[in-house]
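The listed protein sequences derive, respectively, from chains A and B.
When we follow the working numbering, the leftmost residue of the first sequence carries the number 1, and every step to the right adds one.
When we follow the working numbering, the leftmost residue of the second sequence carries the number 1001, and every step to the right adds one.
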Amino acid sequence: DSGVTQTPKHLITATGQRVTLRCSPRSGDLSVYWYQQSLDQGLQFLIHYYNGEERAKGNILERFSAQQFPDLHSELNLSSLELGDSALYFCASDRGRGTYGYTFGSGTRLTVV
Amino acid sequence: AQTVTQSQPEMSVQEAETVTLSCTYDTSESDYYLFWYKQPPSRQMILVIRQEAYKQQNATENRFSVNFQKAAKSFSLKISDSQLGDAAMYFCAYILVQGAQKLVFGQGTRLTINP
């Protein structure tokens, strides 16, 4: 157990639907990062939050949004889902600037049918 | 552009032998950290080894070591005495000290261990 908790582990939903992925960071970590891992794109950075504030955005679609709550857990909201959104979504956490390497959760496997 | 290239999509090695995975990266910055992550079939991303770019000494972690060539922007991973449990996808990545705190990953190398 890495200490980073992601729920659910698996999610199957239909096109056009909306889902929420949840992440609880490791105790003491203030930073939360979201990554998307698809077969043809590798690991792509989506967004970074630090202590409730958005710090950086990557290739995140407008249909996707995220937030970090006062208790530091984070949610990634995916709406108007398309088949191409099927992927493994990772959350990772870190105490500071990421230079010691993130701690990753076990991921949420999203399948859009 | 910030990129990481892993030129070997797949590698295989006999158990107990040594294998080297290649990685090159491209950044105009001089201050960064480099990483190798392992992703076994369980999908968990596991940090294998970390290297500070300002350090000339190559990092080692038990059977894992790196060959860091800053001028060439090369960061290879050597696995000695390969074990069946080393079978996984291996990702090379880096993060800049300044700017967006995001790991930039390569496409990965799938390592197979032959018994």
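Quick reminder that beta carbons are idealized off the backbone N, C-alpha and C, glycines included.
Proximity of residue i and residue j at Cβ, strictly below 8 angstroms
i	j	result
glycine 1085/B	valine 1004/B	no
threonine 1109/B	proline 1009/B	yes
tyrosine 102/A	leucine 1034/B	no
cysteine 91/A	glutamine 6/A	yes
glycine 105/A	valine 4/A	yes
glutamine 1006/B	cysteine 1092/B	yes
threonine 111/A	leucine 21/A	no
glutamine 1101/B	glycine 52/A	no
valine 1019/B	tryptophan 1036/B	no
Neighbour list for residue i in chain A, Cβ cutoff strictly below 9 angstroms
i	result
alanine 1100/B	Phe45, His48, Arg55, Ala56, Lys57, Gly58
leucine 1103/B	Tyr33, Tyr35, Leu43, Phe45, Ala92, Gly98, Gly101, Tyr102
Sequence-distant residues of the same chain with beta carbon closer than 7 angstroms to residue i, five excluded per side
i	result
aspartate 1081/B	Ala1016, Arg1063
valine 113/A	Ile12, Ala14
asparagine 1067/B	Asn1058, Ser1076, Lys1078
Per-residue DSSP class, three states only, for residue i
i	result
leucine 1084/B	helix
aspartate 1026/B	strand
glycine 42/A	strand
leucine 83/A	helix
aspartate 29/A	coil
glutamine 1107/B	coil
valine 4/A	coil
asparagine 51/A	coil
aspartate 94/A	strand
lysine 990/B	Since the displayed chain B opens at 1001 and closes at 1115, residue 990/B lies outside it and no answer follows.
serine 1012/B	strand
phenylalanine 69/A	coil
glycine 1090/B	Looking at the sequence provided, one finds tyrosine at residue 1090/B rather than glycine. Reduced to three states, the DSSP call for tyrosine 1090/B is strand.
threonine 1112/B	strand
valine 1048/B	strand
glutamine 1006/B	coil
glutamine 1101/B	coil
glutamate 1017/B	coil
asparagine 59/A	coil
Close-in-space but distant-in-sequence residues of the same chain around residue i (CB under 6 angstroms, 5 per side omitted)
i	result
glutamine 44/A	Gln36, Asn59
isoleucine 47/A	Trp34, Lys57, Ile60, Ala66
leucine 1096/B	Glu1029, Tyr1032
isoleucine 1046/B	Lys1038
serine 38/A	Ala87
methionine 1089/B	Gln1039, Gly1108, Arg1110
proline 1025/B	Position check: residue 1025/B holds tyrosine in this sequence, whereas proline was assumed. Here the set comprises Val1004, Lys1073, Tyr1094.
aspartate 29/A	Ser93, Asp94, Arg95
serine 79/A	Arg18, Arg63
Beta-carbon neighbours of residue i, restricted to chain B and to distances below 7 angstroms
i	result
threonine 99/A	Tyr1033, Ile1095, Val1097
glycine 3/A	Ordered by position in chain B, no residue passes the 7 angstroms Cβ test against glycine 3/A, which lies about 12 angstroms from the chain.
glycine 107/A	Arg1043
Residues that residue i contacts on chain B, provided the C-beta gap is smaller than 8 angstroms
i	result
phenylalanine 64/A	The premise fails here: phenylalanine 64/A is roughly 16 angstroms from chain B at the closest Cβ pair, so nothing lies under 8 angstroms.
Chain A residues whose Cβ lies nearer than 7 angstroms to that of residue i
i	result
methionine 1045/B	Phe90, Phe104
glycine 1108/B	Gly42
Beta-carbon neighbours of residue i, restricted to chain A and to distances below 8 angstroms
i	result
arginine 1050/B	Tyr100, Gly101
Own chain, CB closer than 8 angstroms to residue i, minus 5 neighbours either side, in chain order
i	result
arginine 55/A	Ser31, His48, Tyr49
Closer than 8 angstroms is the cut-off here; do at least three beta carbon pairs connect the segment 1007 to 1014 of chain B with the segment 1064 to 1074 of chain B? no
Where the segment 1078 to 1092 of chain B meets chain D: residues whose CB sits under 9 angstroms from a CB there: Although the question refers to chain D, the structure presented lacks it and instead comprises the protein chains A and B.
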